[in-house]
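Under my numbering, the letters of the sequence shown match residues 871 to 945, in that order. Just so it is clear, CB atoms sit at the ideal spot from N, CA and C, and this is done for glycine as well.
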Amino acid sequence: MGFQFVKEGEWSKEADRLKNKNAYQSEAQAELKVKQAQLAKAKAEPYINPNLIEVSERVITKEKPKDPIPDIEWW
871 MGFQFVKEGE
881 WSKEADRLKN
891 KNAYQSEAQA
901 ELKVKQAQLA
911 KAKAEPYINP
921 NLIEVSERVI
931 TKEKPKDPIP
941 DIEWW
């Protein structure tokens, strides 16, 4: 039974991994809070029937007249 030495940089790699993991979790929690707030706001608003929304009158545009079909092909 002897000493078990740790390779150089192993603990710093573990610390970096934990920092990244904690940073990701805090970002994910912040995004989750924002999504939950948006969902709560959407649920609080009254339901709007899209069929009852007023629509403006359709504007008919004149199409360019097509060239008449020639009796004889040019080639």
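Query raised in the report: Which value, in whole angstroms, describes the spacing of the CA atoms of Ala-885 and Gly-879?
Result: The residue you call residue 885 lines up with position 15 of the sequence shown. The residue you call residue 879 lines up with position 9 of the sequence shown. The alpha-carbon atoms of Ala-885 and Gly-879 are separated by roughly 10 Å.
Report task. Give the straight-line distance between the Cα atoms of Tyr-910 and Ala-893, rounded to the nearest whole angstrom. Result -> Working through the sequence shown from its first residue, we reach residue 910 at position 40. Working through the sequence shown from its first residue, we reach residue 893 at position 23. Reading off the sequence, residue 910 comes out as Ala, not Tyr. Each residue's Cα considered, the two are about 26 Å apart.
Query - Coarse secondary structure for Val-929, derived from DSSP in three states - result: Position 59 of the sequence shown, counting from 1, holds the residue named residue 929. Coil, per DSSP.
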